[in-house]
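These notes concern the structure reproduced below.
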Amino acid sequence: MTKSKFKIPLTSVKSRHPQAKAKGNRTLPASSRRRQKTTSNNQKSNQYVLRLFLVWGILILGAVGLTSRLYYLQIIDPIIKYEQAPDGKRLTEIARDQQTTKLNFYIPRRQIVDRQQSVLATDRITYTLYVHPKIFIRNSEPVAATEIAEQLADILENKTAAELVEIFSKQDWGILLAEDLPESAKEKIAALQIDGLDLKQNYSRFYPHKEMAAEVTGYVNRDSTRTPQAGVEYTQNQLLKREPISWKMKRSFSNNEAVFHPGDLDRSQQMFNFDDLRLQLTIDLRLQQIARNALKKQMDEYKAKRGTVIVMDVRDGAIAALVSEPTYDPNTYYKYGIELFKNWAITDLYEPGSTFKPINIALALDAGVISPQDTFNDTGKIQIDDALVRNHDFETDGARGNLTLTEILQYSSNVGMIKVMSRMNPIDYYRDLQELGIQDEVEFDIPGYTTGRLKNEVEFTVRAIEPATTAFGQGFSLTPLKLIQIHAALANKGKLMTPHVVRGLSDYQGYLHYSLPTTSKEIFSPKNAHTVLEMMEQVVEQGSGYAAKIPGYKIAGKTGTSQKAVTEGGYDKTAKITSFVGIFPVEAPRYAVLAVVDEPHGKYTFGSTVAAPIVGSVIQGIINIEGIPPSSNQQPGINNQQKNIAHD
Amino acid sequence: MSALRQPSFPAESYPPKPKQKRKQASSRYQKTKQITVKSPANFPQAKSIPANLETLSLVQRTSFGLALVSMAASIGLYMSTVNIPQLWSQEYRNLENLQGQERQLIAINESLKYQIAQQAGQDRNLSISKPEEAVFITPAQVSIKTQPNQQEAEAQNIIELKYNSLGY
Chain A
15 MTKSKFKIPL TSVKSRHPQA KAKGNRTLPA SSRRRQKTTS NNQKSNQYVL
65 RLFLVWGILI LGAVGLTSRL YYLQIIDPII KYEQAPDGKR LTEIARDQQT
115 TKLNFYIPRR QIVDRQQSVL ATDRITYTLY VHPKIFIRNS EPVAATEIAE
165 QLADILENKT AAELVEIFSK QDWGILLAED LPESAKEKIA ALQIDGLDLK
215 QNYSRFYPHK EMAAEVTGYV NRDSTRTPQA GVEYTQNQLL KREPISWKMK
265 RSFSNNEAVF HPGDLDRSQQ MFNFDDLRLQ LTIDLRLQQI ARNALKKQMD
315 EYKAKRGTVI VMDVRDGAIA ALVSEPTYDP NTYYKYGIEL FKNWAITDLY
365 EPGSTFKPIN IALALDAGVI SPQDTFNDTG KIQIDDALVR NHDFETDGAR
415 GNLTLTEILQ YSSNVGMIKV MSRMNPIDYY RDLQELGIQD EVEFDIPGYT
465 TGRLKNEVEF TVRAIEPATT AFGQGFSLTP LKLIQIHAAL ANKGKLMTPH
515 VVRGLSDYQG YLHYSLPTTS KEIFSPKNAH TVLEMMEQVV EQGSGYAAKI
565 PGYKIAGKTG TSQKAVTEGG YDKTAKITSF VGIFPVEAPR YAVLAVVDEP
615 HGKYTFGSTV AAPIVGSVIQ GIINIEGIPP SSNQQPGINN QQKNIAHD
Chain B
-16 MSALRQPSFP AESYPPKPKQ KRKQASSRYQ KTKQITVKSP ANFPQAKSIP
34 ANLETLSLVQ RTSFGLALVS MAASIGLYMS TVNIPQLWSQ EYRNLENLQG
84 QERQLIAINE SLKYQIAQQA GQDRNLSISK PEEAVFITPA QVSIKTQPNQ
134 QEAEAQNIIE LKYNSLGY
């Protein structure tokens, strides 16, 4: 029923307005006939057409007008003001800038860790704050400088609000207000949401243990170049540095949070190409600390100029502690003098004195010119050419008479040593010294190694005084590092190992992923090396090295007190350099410890009084840290365990 | 507007007279009736649809089905991937956050270690323990009975199998 109701008027309308509707209508012929009949109807329909065109025309005109206005606004004279857009930038470029962002991934310089995975150097993110008072704007509303000054004063803490206002009034743009701001301060400043506060992100190197391992780690420049300047940072730069990664990415915003669209990036672009590898050192921070404390104590007591302690694992040349005083804090390296940045234990030469005597004996034993049972007549003083050489204790003890090799070491007899070494042909002796590598370059992980100096071959062989002074460790020079390397060879069955402080690249679990192979060279026969070690044991047990003695442990050692050579030639009468080298445990040597104290002042300044106690404390520390049990003959019950530990 | 609404036919003819209307209707009906009466004879019998038509309809139906399935799949795909940028950004923020925390943890932890070491060094009441104060315990002798060889052999087998299953 409803259908028919609607149908009737519709058909009639259709029939009376054919021109507005489709021509294919069946009623067309009838209605056209009717139009011809009624002229009034015709006029009316013309009006409709006119109106229709009018409306259509207005609409079209409107559309054209709007389009042209849009064209004008968008292309000819864009009134969109985008302040950050520099002049001459096209709208598409501005739009692209807004829609894309650069993601800087956190790719820090690798950390440096010690043997126990304690972090010695790590990267921090710090911020530099630039202030542009001209655009102090929050949510497009200008903000008063005083208000910002108050808020910043709370965050920065080192300046008052009044000071800040004064700074702001001086310059409109680019005031460098603060450097090295921590991440927490960055969050607070960002929360203020002020346009004129610009934070620039930097990486900075942080050494949490300050001066404790500074002479090993070195430091990195504070500027943006981050050039490594000393220590492992310098030599291992290839392993430590990593190139920063950043990608341009589409970005949109949702709920005030940035949404990144990583889908546009290629698969080949490795975004998170980072690993957890860290540069691991052979240094043990605890041992380093024990060594430094012991050294500092003695240096303070004797008002010494400088000192060094080196602990070396004799089996592979790994340095477990390397301390040289005075040192610096790498976090604030710029406050220290440039002379502190070199590690003098590696860069400076000194005459080793009596600590070289055991090495000479080993050379003589290897050459077959002496046997361990031989005795030598110590006359207390000896005339060589035009020089008179005396024992250090000649004034008090005079001539000691016949001495065994062990006793020569115990009393540190110069005359005895001269007599021992005189049995060697000077040219053979010279060749053997060269064989020790004193004049050779040592590839060490800390820069600046200086090769030792021997007299030239002709001088050494022609002048009798040269082999004689070399016999008791004077007349040539080497670095403390080279000295301990040769002593470690004595302990390591005659094999000379390359010293190193870098263990390799290890992950967070401590597994090594990259390390350099160790090299060795035999410089003493194993049998003679052990014989000398047993002689050195008596130095600690009954001789000058008593201060390094630890009950229950077999420790080999040798003191040294040498005169300092001056640049003009000859020796300084007052300045001395005292040293002590210790090796333990003698039955299965693991560690060689060298302490050198330069220019101690006071009445009794000898290797035995100044340096030996340092070595004693360090060895005690090693025993505590490693849990090394006493030697077998003192406590026979723990023989097996000792062997296990010594060989693991 | 009102002008358009004015009926353009004579007012008296609206509403149309029922008689005329009925007449017209009936005449129309008659016409159609005639046609329908005549047509059955000419109408093709729906006995069988031509084979090509049948295949066409089959194609139409399957393509319709395919269209539906692909629409559903594309909507599903879209729904499953539309959130990826958001999730990625969230995870990226999370990563940055964790890295920041790691940095701070390491810095604080190591600084604490340093401070403790410094304080321990200054404290005169503390001293380095002496080796003679330490107790060294020899490891217990492991008897051979507790380690039967068979077990070891089994363990070895397991390891071998593990590697065999890797396929190289």
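From first to last, the protein sequence lines are chains A and B. Numbers in this note's numbering are just positions in the first sequence, counted from 1, shifted up by 14. Here this note's numbering is used: position 15 in the second sequence is -2, and no number is missing along the way. The C-beta atom is built at its ideal place from N, Cα and C for all residues, glycine as well.
- About 14 Å separates the CB atoms of A/L190 and A/T140; that is not less than 8 Å, and the two are not in contact.
- For A/V516, the beta-bridge partners assigned by DSSP are A/L295.
- The region 242 to 283 of chain A contains, as complete beta strand (DSSP E) runs of 3+ residues, the segments 260 to 268 and 271 to 275 (chain order).
- A/P276 has a beta carbon lying within less than 9 Å of a beta carbon in chain B.
- Beta-bridge pairing by DSSP links A/R404 to A/K395.
- Residues are counted here when their Cβ sits less than 9 Å from a Cβ of chain A; for the region 55 to 85 of chain B these are T64, I67, P68, Q69, W71, S72, Q73, Y75, R76, L78, E79, Q82 and G83, given in chain order.
- Between the region 506 to 515 of chain A and the region 269 to 279 of chain A there are fewer than three C-beta pairs closer than 8 Å, too few to call the two in contact.
- Excluding residues up to 5 positions away in sequence, F390, D392, L417 and I422 lie with their Cβ nearer than 6 Å to the Cβ of A/G430 in the same chain.
- Counted as a single uninterrupted DSSP element, the stretch harbouring A/S576 is not any alpha helix (DSSP H) but the beta strand (DSSP E) occupying residues A570 to A579.
- Here A/D380 is not bridged, per DSSP, to any residue.
- In the three-state DSSP reduction, B/Q87 falls in the helix class (H, G or I).
- Taking each of A/V624, A/K371 and A/A272 in turn and checking the Cα distance to B/R76, the smallest one comes out for A/A272.
- Counting along the chain, A/R219 sits inside no alpha helix (DSSP H); it lies in the beta strand (DSSP E) bounded by residues L211 to F220.
- Counting only residues of its own chain and dropping the five nearest sequence neighbours on each side, A/R138 has a CB closer than 6 Å to the CB of S218 and F220.
- When DSSP states are grouped into helix, strand and coil, A/I597 belongs to the strand group.
- Annotated as proximal: A/M263 and A/L117, with beta-carbon spacing under 9 Å.
- In the displayed model, A/S368 falls within a helix according to three-state DSSP.
- The region 224 to 243 of chain A and the region 115 to 134 of chain A touch, with three or more beta-carbon pairs separated by less than 8 Å.
- Within the region 91 to 109 of chain B, those residues whose Cβ lies closer than 7 Å to any Cβ of chain A are, in chain order, E93, S94, K96, Y97, A100 and G104.
- For A/D111, the closest Cβ of chain B is not nearer than 9 Å.
- For A/F390, the pairing in a beta bridge is given by DSSP as A/L417.
- Annotation: A/Y425 to A/K349 spans about 45 Å, alpha carbon to alpha carbon.
- Only buried fits A/K496, as 16 or more other CB atoms lie within 10 angstroms of its CB.
- A/G524 is not a Cβ neighbour of A/V553, given a cutoff of 9 Å.
- For B/A117, a Cβ of chain A is located within less than 9 Å of the residue's own Cβ.
- Judged by DSSP in its simplified three-state form, A/T106 adopts helix.
- Look at A/Y342 here: in three-state DSSP terms it is coil, with no helix or strand label.
- Identification of residues in the region 130 to 151 of chain A having a C-beta nearer than 9 Å to some C-beta of chain B yields S132, V133, L134, T136, D137, R138 and I139, given in sequence order.
- The C-beta distance from A/V607 to A/V632 rounds to 5 Å, short enough to fall under 8 Å.
- Within the same chain, W187 and G210 come within 6 Å of A/H146 by CB-CB distance, once the 5 residues on both sides are set aside.
- It is roughly 17 Å from the alpha-carbon of A/A205 to the alpha-carbon of A/T160.
- For A/S534, the three-state secondary structure derived from DSSP is strand.
- For A/A606, the enclosing beta strand (DSSP E) begins and ends at Y605 to D612.
- A direct Cα-Cα distance of roughly 7 Å separates A/Q215 from A/T142.
- A/L363 sits in coil when the DSSP states are folded into three classes, being neither helix nor strand.
- In terms of CA proximity to A/K535, A/I500 leads the group A/G321, A/I500, A/S529 and A/E180.
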